[in-house]
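Student: In order, the protein sequences belong to chains A and B.
Take the first sequence: its letter number 124 is residue 124 in this note's numbering, and every next letter is one higher.
Take the second sequence: its letter number 214 is residue 364 in this note's numbering, and every next letter is one higher.
No residue lacks a Cβ here, since even glycine has one placed at the ideal position from N, Cα and C.
Take this structure, written in structure tokens, and hold onto it; I'll ask about it next.
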Amino acid sequence: MRRTAALLGVALTGTLLLAGCGSSDDEAADLSVSGAYMPQPVSDSMAAGFLTVTNKGGTKDELTSVTSDLGEVTMHETVDAAMQETKRLDVPAHGQLVFKSGGTHLMFEKLKHQPKQGETVSVELHFADSDPVTVEMPVKSATYTPKTGH
Amino acid sequence: MRKKTFAAAALLAAASLTLTACGSGDDTGSPVSVVSEDSANTKAAIVLDKPFEKPDLVLTDTNGKKYDLREQTKGRPTLIYFGYTNCPDVCPTTMSNIAVAKSKLPKAQQDELRVVFVTTDPDRDTPKALGKWLKGIDSQVVGLTGDFATIQAGARTLGITIEAPHKDKNGKIVSTHGTQVVAFSPKTDGGYVLYTEDATVDDYIKDLPKLVKGETP
């Protein structure tokens, strides 16, 4: 099921209005994805991906798996400069799940091809409760760092 | 997603405008001084009061030949990083940052500079595997592999702790990388500047011209 996060948000809001439910704590998870990118990998064997999942709803959700046409995807946390694979990552109510360089990241393996800067990689995020979200992840330069603002 | 990209661009533009507005309050500041203020605020280099001695490492390079670190980098500006090639995130980014900054130097300085990547995962990072990976970054980078205990001891003399690769409960190999790059002076062969993994390509572009001359960034 391919549905964008924005559409999902609209659908959920509509449901809530019909139900006449005003309390934000009763809201279901309301997810959107931003800031996705993949640094251009240096080989054809492995790549990393980063993004932020924002939950505007009052219920937490969990990211349970990530799939992509590019290859196998696993989720990793960096603990003491070592990567550890993780099977579930919380998307807290009114909070964010942030993947960033040096921290939690997506690891792509067994790549079908070596992505180059300017391409996009299609990635599908699967959650415990919410519908899957498809993300078109742009491939940036190998040295790209997102601007965070102040 | 397109809309979000535009939204992000708009936010960035807003941030830039804010910055511009802050700067324009002081009309006397020339653009040049603003730039230097900016870079001073985001300084990535950690200059050491007491430089590190270059580790006494004799390892194997990507051609399978013996490489004596002290002997072969003597009197050369040298950057050393400990990492592994099955590392999707920090290791390739760190090495790519250095490689891009190096490519901005005049050719003679590029040839003078020694960038040394020492593997923390020597079982998987054979000379051949290292060579293939480094070719995707910069073929001038020296890739070294060898006995893990030797590499670990060498890293430790630079204050860098690495653990031996081990298997997690799923049978996947977990390796560690160093968290810093050490720059050695061509004048003293001492390791006098550190960069953490937060250092960006712009930091290296700004500092490498000084590091190749043994100057303090």
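#1: Can you tell me which residues form a DSSP beta bridge with residue 46 (chain A)?
#2: Can you tell me the Cβ-Cβ gap for residue 300 (chain B) and residue 207 (chain B), rounded? I've got them flagged as a contact below 8 Å.
#3: Confirm, please, whether the CB-CB distance from residue 257 (chain B) to residue 355 (chain B) is below 8 Å.
#4: Indicate whether the contact test is met: 3 or more Cβ pairs, each with one atom in the segment 47 to 62 of chain A and one in the segment 123 to 130 of chain A, closer than 8 Å.
#5: Counting contacts by CB-CB distance shorter than 8 Å, is residue 43 (chain A) in contact with chain B?
#6: Check the DSSP bridge columns for residue 346 (chain B) and list the partner residues they point to.
#7: Whose CA, out of B:361, B:281, B:261, lies closest to the CA of residue 341 (chain B)?
#8: Return yes when the Cβ of residue 269 (chain B) is within less than 8 Å of the Cβ of residue 231 (chain B), no when it is not.
#9: Measuring CA to CA, which of A:94, A:107, A:80 is closest to residue 46 (chain A)?
#10: Rounded C-beta distance between residue 202 (chain B) and residue 294 (chain B)? I'm assuming under 8 Å.
#11: What does DSSP give as the partner residue(s) for residue 100 (chain B) in the beta ladder?
#12: Just the Cα atoms here: how many angstroms apart are residue 218 (chain B) and residue 310 (chain B)?
#13: Since residue 335 (chain B) and residue 42 (chain A) should fall inside the 8 Å C-beta cutoff, what is the C-beta to C-beta distance between them, to a whole number of angstroms?
#14: Give me the subset of the segment 76 to 105 of chain A whose CB atoms are less than 9 Å from a CB atom of chain B, sorted by chain position.
#15: Spell out the partners DSSP gives residue 210 (chain A) in its beta bridges.
#16: Strictly under 8 Å for the Cβ-Cβ distance: is residue 353 (chain B) near chain A by that measure?
#17: Please list the residues of the segment 320 to 333 of chain B that have a C-beta atom closer than 8 Å to any C-beta atom in chain A, keeping them in chain order.
#18: Can you look up residue 120 (chain A) in the DSSP assignment and give me helix, strand or coil?
#19: Between the C-alpha atoms of residue 86 (chain A) and residue 80 (chain A), what's the straight-line distance to the nearest angstrom?
#20: Tell me which residues of the segment 220 to 248 of chain B have at least one Cβ-Cβ distance to chain A shorter than 8 Å, keeping chain order.
#21: On the CB-based measure, 16 or more other CB atoms within 10 Å of its CB, does residue 348 (chain B) come out buried or exposed?
#22: Where residue 190 (chain B) and residue 28 (chain A) are concerned, what is the direct C-alpha to C-alpha distance, given to the nearest angstrom?
#23: Mind checking whether residue 250 (chain B) and residue 343 (chain B) have CB atoms under 8 Å apart?
#24: Closer than 8 Å, Cβ to any Cβ of chain A: which residues of the segment 266 to 293 of chain B, in chain order?
#25: Apart from the five residues on each side of it in sequence, which residues of its chain come closer than 6 Å, Cβ to Cβ, to residue 282 (chain B)?
#26: In angstroms, rounded to a whole number, what distance separates the CA positions of residue 259 (chain B) and residue 297 (chain B)?
#27: Taking DSSP as the reference, what is the three-state secondary structure of residue 99 (chain A)?
#28: Is DSSP giving residue 234 (chain B) helix, strand or coil here?
#29: Please list, in chain order, all residues of the same chain as residue 271 (chain B) whose beta carbon is under 6 Å from its beta carbon, the five residues on each side excluded.
Tutor: Checking against the coordinates, here is how it stands:
#1: Residue pairing by DSSP places residue 46 (chain A) opposite A:109 in a beta bridge.
#2: Your pair residue 300 (chain B) and residue 207 (chain B) checks out as a contact, with CB atoms roughly 7 Å apart and the cut at 8 Å.
#3: The answer is no: Cβ separation not under 8 Å.
#4: Flag = yes, the segment 47 to 62 of chain A and the segment 123 to 130 of chain A touch.
#5: Residue 43 (chain A) counts as touching chain B.
#6: Bridge partners of residue 346 (chain B): B:330.
#7: Checking every option, the nearest Cα to that of residue 341 (chain B) belongs to B:361.
#8: Result no, Cβ atoms of residue 231 (chain B) and residue 269 (chain B) do not sit closer than 8 Å.
#9: Looking at the Cα atoms, A:107 is the closest of the given residues.
#10: For a cut-off of 8 Å, the C-beta gap from residue 202 (chain B) to residue 294 (chain B) is around 17 Å, too long to register as a contact.
#11: Chain B is shown from 151 up to 367; residue 100 (chain B) falls before or after that span and cannot be answered.
#12: Approximately 20 Å, taken between the alpha carbons.
#13: Their Cβ separation, rounded to whole angstroms, is 28 Å, which puts residue 335 (chain B) and residue 42 (chain A) out of contact at 8 Å.
#14: Result list: 76, 78, 80, 81, 82, 83, 84, 85, 101, 102, 103, 105.
#15: For residue 210 (chain A) there is no data in the structure shown, the boundaries of chain A being 1 and 150.
#16: So no, residue 353 (chain B) is outside the interface.
#17: Per Cβ criterion, the list reads 320, 322, 324, 325, 326, 327, 328, 329.
#18: Three-state result, residue 120 (chain A): strand.
#19: Answer to the nearest angstrom: the Cα atoms are 15 Å apart.
#20: So the close ones are 235, 236, 237, 238, 239, 240, 242, 243, 245, 246, 247.
#21: Exposed: under 16 other Cβ atoms inside 10 Å.
#22: Its pLDDT being 43, under 50, residue 190 (chain B) is placed unreliably in this model, and the value from its coordinates should be taken loosely. Residue 190 (chain B) and residue 28 (chain A): Cα-Cα distance of roughly 46 Å.
#23: Contact: no.
#24: Residues 282, 283, 286, 287.
#25: When the five nearest sequence neighbours on each side are left out, no beta carbon in the same chain lies closer than 6 Å to the beta carbon of residue 282 (chain B).
#26: Their backbone Cα atoms lie some 31 Å apart in a straight line.
#27: Coil, per DSSP.
#28: DSSP places residue 234 (chain B) in coil when its eight states are reduced to three.
#29: Short of 6 Å from the beta carbon of residue 271 (chain B), and not among the five residues preceding or following it, lie these beta carbons of its own chain, in chain order: 234, 315, 325.
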